[in-house]
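Following: one structure in structure tokens, then a few remarks.
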Amino acid sequence: MASLALSGEEGNADLLYKHGFKVEALKPKAGGKAVQGSSVPLILPNDLKYNVSTGAVEKVPGERRETLQVVPEALGLLEGIEQPVSPLAICGPCRSGKSYILSRLLGSADAFELGHRMDPKTFGIWMGTSVLRGKDFTIVLLDTEGIDAAGARANQDASILVMTILLSSLLIYNSLNVPYKGDLEKMHGTFSIILIAYMFHENNEHFDHFLIENFTRCFIKLAKGISVKKGQKTKMSAFSQFFPDFMWLLRDVSLKPTDKNDKEISPTEYLKTRVLAREDEDEDEDFDESASNKVGRAILTFFSSVECAILERPSEKADIMNNIAEHTSGLNPNFNKGVEALIERLLQLSHAKRGYDKGSTVNGVALSIMAEQYVEAVNDPKAIPVLDNTWKNTIELMRGRAIKEAVVVYKQQMRAAVAKATNNGKVPLEETTEIGMNSTDLVDPSLMDIHHQVLEVVTDMLLEKVGHLGISSGNLGNENKIVVDQMQKRLVQREESTVDYKADDGTTRKQEGFIVIGGELLYYIKQNKESSRTFCQELFKSLFQPIRKRVETPPPDYDFDLLMGELASARQQYSEQARGPEKWVVLQEMTKNLEDLTKDFKKIKGYQKKLMEEREKAHKAELETMEKAQEVHQLYNQAQDMQKTHQETLEKMDQQHREQMEKDFQEKQLSKMQEMMTSMQEKHEEEKRKMMDLMEKQTPKAPPPSLVRRTVQRGADALSAVGEGVVDVAYTVGSGVAGAASTVVSGAKENCTVM
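Counting in the working numbering, the sequence shown runs from 81 upward without gaps.
Have a look at this one:
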């Protein structure tokens with residue numbers, strides 16, 4: 081990839097840094113293949129295919145170009161951008177230098193392949209594999225197939241244009257001051273965008289009519305091919321909420337635009353006042369009315385903002401023009417300065433792409449989904465791209481993906497946290513905090529503690545992912561609550577349950593609560609129960625097996641008191657060392673298995689049958705009580721966990737809601753400030769024009785030719801007289817004009833000197 085001269089690279093980097101951006105290479109999502117080259121096709125005609133190994137586009141044998149297709153590898157790169165994106169796209173006629181402008185944004189000369197012959201190099205829509213990463217959004221660069229490309233029909237040009245407009249947040253229309261095939265297609269009534277190069281044609285009146293007629297055909301057709309809301313008639317003004325900002329970039333132009341009085345004005349002012357201005361006050365927005373002058377209103381109302389920029393010709397030398405990337409040092413200095421000014425303006429105009437709903441933004445994943453849906457709609461001649469439906473479908477898919485990703489992260493983190501807490505499954509966990517203990521009292525966390533910690537992480541992650549998905553500050557809480565509920569139901573499902581138990585006063589009472597019956601958590605609960613059962617059984621055997629052996633073959637000095645002491649000690653050790661939810665269940669089961677030893681107790685000296693029976697009865701009652709207490713405690717803890725989770729989620733969503741409202745307020749304030757600045761700038765330009773007109777009226781007429789041939793002294797005397805006359809007039813007009821008149825006098829002296 082050809083790089084710019086050192087000063088150009090440093091200047092571009094400084095410019096990006098100034099606006100808070102840096103060039104960053106995109107990486108494929110996990111499991112995806114690495115992409116070759118500095119750009120990759122995002123959308124291709126069906127007669128071409130992308131070879132990911134070589135990075136080349138290959139012709140599909142026997143295939144005729146009919147439809148468009150998305151390229152999975154490019155979608156994979158987009159899906160790796162979780163931040164809101166600002167797709168900056170460029171379109172226009174073939175061989176007009178579109179790819180070069182995008183490459184310069186990346187600090188290169190050929191990040192996007194440049195064509196050096198008559199055949200175009202770009203087919204479909206290509207995406208840079210590097211982006212401009214900013215604090216609040218990421219700029220993604222899109223290069224498009226040239227309008228009137230060889231082998232492409234008018235409707236295929238239209239499909240590329242529609243896709244470009246629908247996907248971008250800033251659209252550059254790039255054109256040269258030379259005729260192209262679009263002029264001829266006008267005669268055949270096909271879909272074409274006329275070149276802006278004619279803007280500075282001497283016959284401005286003819287150009288305006290010519291341009292308007294073509295744009296009318298283009299944008300009315302475009303409007304009829306897109307709907308904002310299904311089943312509803314769309315007004316022109318509705319499109320501006322979702323269409324990109326529009327910049328018309330005029331290439332190879334050195335002439336300055338002027339108004340009707342031949343006064344120099346800005347390119348944007350010329351575009352708005354000379355080309356797009358209305359010729360009447362018709363307010364009807366019905367597209368079916370065929371008035372050619374409606375295109376001005378169409379462009380101004382279709383797009384969020386409209387600007388025009390000019391670039392001089394890069395060079396007059398044919399060898400340089402044939403390969404600009406290899407001759408960056410030999411380019412016209414004014415051209416390079418113009419490109420730098422253009423880049424700065426593009427960075428200023430860039431903003432996160434808006435979604436359908438107010439206050440929403442589009443991230444890389446959403447853009448990839450939208451690209452697939454728009455291609456599907458554009459390929460179907462019976463389908464109309466409907467913005468609200470596409471956005472709703474995108475949101476649903478995004479939410480579904482976000483939930484799936486949250487579940488995957490939950491499982492990964494739960495697996496890791498449980499493995500760490502259990503020493504890779506060797507020691508089970510308490511399902512909840514034990515009776516009479518707080519979670520802070522435990523050396524190791526309970527299973528529900530781990531679940532709650534991981535749930536909090538994935539909930540934050542989910543809210544971060546769906547926080548920008550077409551949800552205005554007015555309904556943010558409700559929308560996100562639904563998404564969080566869906567995710568949490570995937571993780572844990574509970575049902576109400578009731579347990580009867582005896583209170584300390586002997587009465588039977590009911591404990592209401594919840595038990596886990598499904599979701600990802602249930603797997604870990606079952607796994608932990610199995611681990612607890614195995615651990616406790618092994619522990620019981622290790623503690624009671626020695627006692628069994630002594631009872632079966634008692635030593636000479638082994639008596640009943642020793643037996644009772646050993647049983648009590650074993651039970652105490654079990655109570656202290658046993659872990660997990662099966663602790664008391666296993667003890668109760670294993671104790672029953674010891675009943676077969678009662679026949680051998682008679683062998684023990686001092687055996688007291690009645691005392692033994694009483695103690696065993698009391699022990700059994702204690703076990704039943706402990707088991708019931710644990711069941712009651714678990715019901716209660718599950719209810720508490722539900723309540724805690726619900727409260728924390730509400731707090732998170734409330735915080736996000738407040739942040740969104742603050743963001744909406746700031747955006748409104750910024751929009752008002754921008755409108756105010758634009759209004760002030762327009763007023764300034766108007767006052768400037770008035771001042772110039774007034775100065776022109778007060779400027780003295782040039783002296784007759786005979787005076788020019790007189791002596792220098794007489795010429796100087798005449799000049800002084802003119803100066804005095806101008807100053808006199810200036811005093812009558814005002815001090816401001818007097819200063820301007822003095823400037824005119826200085827200019828008059830220079831003119832006389834030249835003559």
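Glycine residues also receive a C-beta, built at the ideal position from the N, C-alpha and C atoms. All values derive from a computational prediction rather than experimental measurement.
Three-way DSSP call (helix, strand, coil) for residue 766 in this model
In this structure, residue 766 counts as helix in the three-state DSSP scheme.
Hey, is the stretch 208-222 in contact with the stretch 99-110, meaning 3+ C-beta pairs nearer than 8 Å?
Touching, yes.
Of all the CB atoms in chain D, is at least one closer than 9 Å to the CB of residue 478?
The structure shown contains no chain D, having only a single protein chain.
For residue 387, is the classification buried or exposed, using 16 other Cβ atoms within 10 angstroms of its Cβ as the cut-off for buried?
Buried, because 16 or more other Cβ atoms sit within 10 Å of the Cβ of residue 387.
If I measure Cβ to Cβ from residue 544 and keep anything under 7 Å in the same chain, skipping five residues before and after, which residues do I get?
Around residue 544: no qualifying Cβ.
Take residue 526 and list the residues in its own chain whose beta-carbon comes closer than 7 Å to its own, dropping the five residues that flank it on each side.
Apart from sequence neighbours up to five positions away, the residues of its chain that approach residue 526 with a beta-carbon distance below 7 Å are 509, 510, 511, 512, 513 and 519, ordered along the chain.
Under the three-state reduction of DSSP, which class applies to residue 437: helix, strand or coil?
Coil at residue 437, not helix or strand.
Count the other CB atoms, across all protein chains shown, that sit within 10 Å of the CB of residue 635; report buried if there are 16 or more and exposed otherwise.
Exposed is the label assigned to residue 635, since fewer than 16 other Cβ atoms lie within 10 Å of its Cβ.
Paired residues, beta bridge with residue 240 - DSSP:
Beta-bridge partners assigned by DSSP to residue 240: none are found.
Alpha carbon to alpha carbon, what distance is there between residue 186 and residue 92?
Approximately 8 Å, taken between the alpha carbons.
Report yes or no: do three or more beta-carbon pairs, one from the stretch 123-130 and one from the stretch 146-163, lie closer than 8 Å?
The answer is yes - the stretch 146-163 touches the stretch 123-130, with three or more Cβ pairs under 8 Å.
So, residue 222 versus residue 157, is the Cβ gap smaller than 9 Å?
Result no, Cβ atoms of residue 222 and residue 157 do not sit closer than 9 Å.
Just to confirm, is the Cβ distance from residue 437 to residue 384 under 9 Å?
In this structure, residue 437 sits away from residue 384, with a CB-CB distance that is not shorter than 9 Å.
Taking the straight line between their C-alpha atoms, what separation do you get for residue 278 and residue 418?
Its pLDDT being 28, under 50, residue 278 is placed unreliably by the model, and the measurement read from it follows with that caveat. If you take the alpha carbons of residue 278 and residue 418, they lie about 20 Å apart.
Reference residue 214; option with closest CA among 479, 95 and 575:
Cα-wise, what sits closest to residue 214 is 95.
Out of 683, 655, 610 and 661, which has the shortest C-alpha to C-alpha gap to residue 640?
Ranking 683, 655, 610 and 661 by Cα distance to residue 640 puts 683 first.
Taking all protein chains shown into account, do 16 or more other C-beta atoms lie within 10 angstroms of the C-beta of residue 648, making it buried, or fewer, making it exposed?
Classification of residue 648: exposed, given that the 10 Å Cβ count is below 16.
Report the option in 98, 626, 589 and 660 whose CA atom is closest to the CA atom of residue 502.
It is 660 whose Cα lies nearest to the Cα of residue 502.
Go ahead and label residue 197 buried or exposed: buried means 16 or more other beta carbons lie within 10 angstroms of its beta carbon, across all protein chains shown.
Model confidence at residue 197 stands at a pLDDT of 38, short of 50, so the residue's coordinates are unreliable; what they give is reported in the following sentence. Residue 197 comes out exposed.
Just tell me which of 390, 444 and 451 has its CA closest to the CA of residue 421.
For residue 421, the closest C-alpha among the options 390, 444 and 451 is that of 390.
If you reduce the DSSP assignment to three classes, tell me which class residue 486 lands in.
Residue 486: helix per DSSP, three-state reduction.
Among 761, 448, 485 and 323, which residue has its Cα nearest to the Cα of residue 164?
Checked all of 761, 448, 485 and 323; the closest Cα to residue 164 is 448.
Beta-carbon proximity check, residue 433 vs residue 600, cutoff 9 Å:
Against a cut-off of 9 Å, the Cβ pair of residue 600 and residue 433 comes out as no contact.
Between the CA atoms of residue 205 and residue 98 - distance to the nearest angstrom
Near 29 Å, if we compare the C-alpha coordinates of residue 205 and residue 98.
Quick one: what's got a C-beta closer than 6 Å to residue 452's C-beta in the same chain, skipping five residues either side?
If we look at residue 452 and ignore the five residues flanking it on each side, its Cβ neighbours are 150.
In this structure, does DSSP put residue 356 in helix, strand or coil?
Three-state result, residue 356: coil.
Hey, residue 564 and residue 542: beta-carbon distance below 9 Å or not?
In this structure, residue 542 lies closer than 9 Å to residue 564 by Cβ.
Assigned secondary structure, residue 626 (DSSP; H/G/I helix, E/B strand, else coil)
Helix at residue 626.
Residues bridged to residue 328 [DSSP beta-bridge criterion]:
According to DSSP, which records beta bridges pairwise, residue 328 is partnered with 253 and 388.
Thinking C-alpha only, which one of 135, 217 and 602 is nearest residue 162?
Of the candidates 135, 217 and 602, the one whose C-alpha sits nearest the C-alpha of residue 162 is 217.
Segment contact flag, the stretch 608-616 with the stretch 590-597, C-beta cutoff 8 Å, min 3 pairs
The stretch 608-616 vs the stretch 590-597: no contact.
Quick check on the DSSP output: the beta strand (DSSP E) that includes residue 342 runs from which residue to which?
Unbroken run through residue 342: none, as it is neither H nor E.
Taking just the CA atoms, how far does residue 673 sit from residue 624?
The straight-line gap from Cα to Cα measures roughly 11 Å.
Assigned secondary structure, residue 149 (DSSP; H/G/I helix, E/B strand, else coil)
Residue state, collapsed to three classes: strand.
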